[in-house]
């Protein structure tokens, strides 16, 4: 894959970066080098390699997925001027 000058200007526009005409060839070379490296990565044989979450083998810590009210309803509405059953009461805005 190769990036042309028009694509460089388009990328700069989307990124909201001001790029002068003199900078376009340099950026074009930089982007093409990056894309060449990414294409080179696709040549690596990864058969039998398991995905990693860390460089050291470890189990992910998991918590039980339990539904609860957080047991903080009283703390949340403590400073509210008016509440009913742990709900904030607000004045009517629209009639």
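Numbering (the numbering used here), first residue to last: -4 to 90.
Backbone N, C-alpha and C define an ideal beta-carbon position, used for all residues, glycine too.
For residue i, the three-state DSSP class (helix, strand or coil)
i           : result
residue 48  : coil
residue 11  : coil
residue 121 : Residue 121 falls outside the range modelled here, since the chain spans only -4 to 90, and no answer is possible.
residue -1  : coil
residue 16  : coil
residue 62  : coil
Cross-strand partners of residue i (DSSP beta bridge)
i          : result
residue 83 : 78
The alpha helix (DSSP H) enclosing residue i, as first and last residue numbers
i          : result
residue 25 : 19 to 36
residue 72 : 68 to 72
Same chain, Cβ closer than 7 Å to residue i, five either side skipped, listed in chain order
i          : result
residue 22 : 3, 14
Cutoff 6 Å; reference residue i; Cβ partners in own chain excluding five residues on either side
i          : result
residue 19 : 0, 3
Same chain, Cβ closer than 8 Å to residue i, neighbours up to 5 away in sequence not counted
i          : result
residue -3 : 27, 30
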